[in-house]
Structures are given as C-alpha cells and as structure tokens.
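Here the working numbering runs 13 ahead of the position in the sequence shown, where the first position is 1.
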Amino acid sequence: MTPTTLIPLLQQKDSSRSLLTEDQCTILGGIIVNWTLEQQIERILYFAIHKKWEDFKKEISHTPHSIWKPSEHISWLILELEMNITIREIQIEVAQHMIQSNINTDDSTVRNIVMQMNMGEGKTSVILPMLAVNLSSFNSSLVRVIILKSLFPTNYQSLRYKLGGLLNQRIFPFACRRDMNFNNEQTNKIFKRFQQALCNCDVVLTSSEDILSFDLLSIDKCRSQEFDVARSMLTIQRWLKRYSRDILDESDEILHVKYQLIYTVGGQQQVDGGSERWKTIQTILELVKKHAADISDHFHDNVSYKARERKSAFPQFRLQSHEPFPLLCQKIANDWIENRNYRYEDKSIVLSFILETDSSVECLIDKFSRFHIQLFLIVRGLLSSEVLLVAFKKRYRVNYGVNPNASFNRLMAVPFRAKDVALDRTEYGHPDVALVLTHLSYYYSGLNESQLSQCFKRLNEQETDPASIYDQWILYEDEKDVPKSIRQWNGINLKDYQQNIDYIFPTFRYNMLVINYFLDYFVFPREAKQFPSKLVASAWDLSSSLRTNIITGFSGTNDTQLLLPVHIRQDDLPELQKTDAIVVNNLLKTENENYQCLPINIASENILKQIVDHQEIVNVILDVGALFIDGTNRDIAMKWLKLSDKNIIDYAVHIDYDESRLMFALLSKLHT
C-alpha cells in the first residue's frame, strides 16, 4: 500500500463501501496534514537559502488551515498536497463565497455572481481547481469550467495535472463548431458522455463559443430540416440547463458586450451596393490621405501620423480620440461633394444628410435616383455613423490585419487579439468596417511579389487599354521615384525577373491605385459577401433564467460590471472591494517610479537604444502595449542583440505564436 493508493480512499462518497474505518480515515487525514506542513517548511527553507525574501515573507505569513477544517474539505487538503501549496485565507473565502453565494437583492431572478480578484492571487491556478473539485464531489450537478478559447490548451493541461493525480478526476473537454456536422448517433453519444460525467463527478472544460455554437447548431439543424438531430440536441440543452453548474474564468471577457457568435444563413450575396461600395471607400480614404497631415497639425496630441517615403503610399495615421474626427469629416465631406456634379442648392442638402445622423432620407427621394441615395448612405455611414472613426482608432497588426495563416484562406482583414495573432475563426460582422480595415491592412503592408504579379498579369491579359491604366499608376507616383526604364507600359517585360525585383516591385508595392486594383479584382469580388439572415447568440444566452443551478465567475477587473447580463451581478467580498486601489498602489511603488514618456511614433530602434543605455541592465522586455509594431518579435530580438554589449549578452530568447502554439526561439550573436 502506498500513499497514492490510500489517499483516493478518503474521497469515497459511500461510507458503507469504504475500505477504511473512520479511525483509519482520521489517521490518514492527519498524516496528509503533516505532509502539507512538511512541504510548507521545505518551501520556507528553500526561499531562505536562496535569499528570496519576498516569497519567504509571503510563505511564513500564511497559517495553514486557520479558517477551514481539512476534515470537512478532504479534496482541498489533497489538492494542497498535490500542488505543493498552502491555500491562503482569501482563497478559501472566495471559494466558499462562490460555492454558497447569498445575494441580497430585490430581484429574485438575480442569483448568478461574478467577483473581482487581483492578478496573481491564484484565481485560475488555485481557486478554479478548488471550486471544480468541491462542486463536482456530489453527482447532483455537472461542473462546467468555461474559459477563453485562446487559453483552452493551457487550462486543460493545468486542470488535468491538478485534478487527475491524487484526486483522480477526469477532465472532459467539450468543443463544438458549425463544421462539426453531428448526426443523431453522435448527439446521442454526446448526451451519454454528459450523463456519465455527472455520475462519475467529472469536470467539463469548455468555452462560451462552444456552448453557444451548440445552441445555434440545433436551430441550424431545424432550418436544414434535420429534425431528429435537432430534437436530440435540444434535449441535451434542456438537460444541461437543469444539471450544469458553471464557473467562468476571466468573466469580464466572456461576458463582454462586444462578443457575439453569428451563424450566417442562406446563400452568399454581394454586399449591398456592389463594387460601388468599396470604390466609394477608396475615394474617402484618398481624401483621408489628403487631410491627414493637416489634422495631425491641429490635434498633435490626439493623432498618430507619420508620412511615408513615397507620394503614392498611404501615411501611417491613427486617431487617439474622438476630438479630431468632426473636423476630418467636414473636410472629407466638403471635398467629396465638390467633386460631384450636383446643383449648388442640392449640394447643401446632401452635405447636411451625410454629416447629420438625424437628417431624413425623405428630402432626397424627389431629387436623386436610387443609385445616388445609396451612395449618400454609404458616405453617411463612414462619416456621421463613425465607421471611419472605429477603423482609425484601431492599430494595424495589433487590433486587425490579414491572417497570415495559409489554411485560413481569407484575404480580408480580421480581428487580432495581440500583435500578429489573429482571432481564431473570427471575422468582422459589419461590411463597411471589414472593407475599410482591409484597405488599410494592404495600404500599410503593401502587396507581396505574388499579389503584384497578379495585378500586372491581369493588366496585360484582360484589360483592353492597359497603357492608360498604367499611366494613371505612374502619374500617382513622384516622377523622381520611377525609374526611366518602366515609365512607359511598353517598357514592361513581365518575363524579366530582374526588372520585376529591382524596379516594378519597389515602385508599385505601396501604390494605393495598384492596391485598389488588386482588391477590386482579386479580393472583394470573392470575399466581400453578405448573407440574407443570421443566427446570433451572445454572452447573455449563457445566463438564461431557465437554469436550475447558479453561475459564478471571477476576473481581475470589474470595468464592465454595469454592462453585465441582467441575470448576473457583481458581488465582491468586502475585503476585495479595494482591489483597484491595490493595483494603483502597486504602480506607485518605488520600483515603478522609473517612467519614460515616449513619443507617439517612436521607432523600435530608439526604444531599444534607451533600454540598452539604461543605467541598470534590462534583460526582459514585456511589450504589453505593442510598441514594437514595426517588426516581428524575432526582428526586435535581433536588433536588441546587435545593440547589446557582446561581452555581457550572448543570447536572446523571443516568443512567437503559431496556430495557438507558444514557441520559444533562441538567437545568438552568430545570427546577427
């Protein structure tokens, strides 16, 4: 007999079948308590020997089992032993509050709670396993741990390690996507697996996307007349609403109002307005380019602006606030209307319509055709409905960009969750936002060799007058930037690889007209589509009033507490209501007093020089604000190595993401 065989016997639910007597259980429990105390002493000695005094002070400040009885929470005691930790008092209080929440409210429908707890206090690493093992200890409810999709692999490995050892609990991952074409046999197997999980006290690990996708998929099955499958899925949904007990990790993100899961319904259709829609956007963006420098001069503190080397390229331009936008809209609208061939008295009516959201379309019906009214509505959406503002407040490669993953098979811009990390299976729901951000993505990145070759090949093979189009591209460039050998269309030899590499590619890569040509013929006709109907689910559907068991969750912030679903409320412990003040206090500590204000458009080289020249050696850079936007992590690591003292620094480690995998790469001076 070994500890690993004896300890699970303490958790047997049926005492009549237990292999241990009550006295034996008491003795074994006491031995485990002593083991946890021995582990704590070893940790204290380790911190003292290695002079880790901060960790030493924290460890000796916690008295084990001071506010809870190990005999009443055997699973928590075993968890301490498994994880080699001492569960702190505040972690016990938070866990108990989430297990037995008593909400004082006049609204009887509000039973679900979320709590705020500071980062680094053990929400995911300690409290989450405590809740999972405690709530699943009796087979009256099925514990579902709901996490962010991006953290799924990490959390799955963590929970399996902590609960799958001495505690002997299985973690059951549940995933659902629209392309999982379930049949009736598969849905029945899923239902049986859920029922087994309830009987065996297993823990289900899933994400809000998977739960909502399963709900929408049942409706989609009805639409496709697969009624037997839909009926089985609906049965599972009802069963889960009755038996599931949900725990939300990072509840602020999971319940955020910006999150929606959308299933498109029906056949693909071209966006309303067709090609005129994106050509109008191209005209408006040309006017943004014209006025960007002037807006930056007027609102220097609220605008990020950097002119490009070539006249034909779109400048780096981003709005930091709403303040500059009205003036930008006014300038764009005035220029746009002046270029239209309308009567003078009609121009003022149109100008008022596109700049004022309360203007009615009725004043235009008798004066303009349906085509022109649709055009006015597109411009109005960009300006007065602030689609342009939404787009220009986002950061390229940080908030949006083109997914570089070839398997994604999309050339339009998609949301990003971090620098160069696209959100999985996510697209923009608003067509104008998607179109504007796609233009900006290619304006900033430029075309690659293959994309530029496509443009010239089409120009040569399918255009009736390629020379006139090429002349427009040339005129858009500054004359001094165009080599003489390619100033005429008849001077272009598409089979001359050297000419393409040395002259054509550098000249036209960032040319807005060439990029527009590529988007007009190779991207938007195939991808700028919309659907007649949508099935939509949101975070509010997670907290339905039809549920039997409550939902509890926690996060490090409470910024969105006023926007929580009506069936969920913020309910912090009194001792945790000062969390925001603690964060501010941490920022004001003496070790954080070294603060440097950087210019808006500072280059990565300048930041690295300041780091290298700092009086104390800096060995780690956490780029949480994505300041190093002008290069990949590898590029920045190589630049840092070149600037560093070769007698002190030999290697650099950079971290990258590749299809949800975290990769570490080691660079030495030899690479630079």
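Each residue gets a CB set at the ideal place from its N, CA and C atoms; glycine is no exception.
These figures come from a predicted structure and were not determined experimentally.
| Query | Result |
| --- | --- |
| What did DSSP end up calling M128 once you bin it into helix, strand or coil? | strand |
| What residues in its chain sit with their C-beta under 6 Å from that of E490, if we drop five residues either side in the sequence? | S325 |
| Would L388 and T293 be called neighbours here (beta carbons separated by less than 8 Å)? | yes |
| Using C-beta distances below 7 Å, list every residue in its chain close to C214, excluding the 5 sequence neighbours before and after it, in chain order. | S149, S150, N152 and Q182 |
| Relative to the alpha-carbon of R393, which residue among N412, D371 and Y409 has its alpha-carbon at the smallest distance? | D371 |
| Along the chain, which unbroken stretches of the beta strand (DSSP E) at least 3 residues long are found entirely within the stretch 367-446? | 413-415 and 426-431 |
| For the alpha helix (DSSP H) that K344 lies in, which residues bound it at each end? | F338 to E351 |
| Three-state secondary structure (DSSP) at D259? | strand |
| From what residue to what residue does the beta strand (DSSP E) around A326 run? | No beta strand (DSSP E) holds A326; DSSP gives it neither H nor E. |
| Using the three-state DSSP reduction, which class does S673 fall into: helix, strand or coil? | Low local confidence applies: a pLDDT of 49 at S673 is under 50, so the model's placement there is unreliable, with the coordinate-based value given in what follows. Coil. |
| Just to confirm, are I642 and I634 a CB contact at a threshold of 8 Å? | no |
| Go through its chain and collect everything with a Cβ distance to Y455's Cβ below 8 Å, but skip five positions before and after it. | V415, I528, F531 and L532 |
| Would you kindly work out how many angstroms separate the C-alpha atoms of I668 and G133, rounded to a whole number? | 21 Å |
| Starting from the C-beta of S365, find all residues in its chain whose C-beta is less than 8 Å away, skip the five residues before and the five after it, and write them out in chain order. | S372 |
| Extract the residue ranges of the alpha helix (DSSP H) inside the stretch 267-336, only unbroken runs of 4 or more that lie entirely within it. | 288-311 |
| Express the C-alpha separation of L395 and P337 in angstroms, rounding to a whole number. | 15 Å |
| Quick one: grab the DSSP three-state call for F187. | coil |
| Does the pairing of the stretch 241-253 with the stretch 531-546 give three or more beta-carbon distances under 8 Å? | no |
| Under three-state DSSP, which class holds G177? | coil |
| Rounded to a whole number of angstroms, what is the C-alpha to C-alpha distance between S673 and R173? | Note that S673 scores a pLDDT of 49, beneath 50, so its modelled location is shaky and nothing firm can be said. |
| Quick check on this structure: which residue in H78, I87 and Y59 has the alpha carbon closest to the alpha carbon of L19? | I87 |
| Please identify the residue among Q329, K319, E222 and K82 whose C-alpha is closest to the C-alpha of L436. | E222 |
| Tell whether a beta-carbon distance below 8 Å holds between Y687 and P142. | No information on residue 687 is available, as it lies outside the stretch 14 to 685 that the chain covers here. |
| Less than 8 Å between the beta carbons of A145 and V156, yes or no? | yes |
| What does the Cβ neighbour count give for L460, buried or exposed, with the cut at 16 atoms within 10 Å? | buried |
| Do the stretch 555-563 and the stretch 285-300 touch if we need at least three Cβ pairs shorter than 8 Å? | no |
| Taking M130 as the reference, give the member of F567, N315 and N614 with the closest Cα. | F567 |
| Can you grab the Cα-Cα spacing for the pair A550 / T248, in whole Å? | 19 Å |
| Does the distance from the C-beta atom of N197 to that of S245 stay below 8 Å? | yes |
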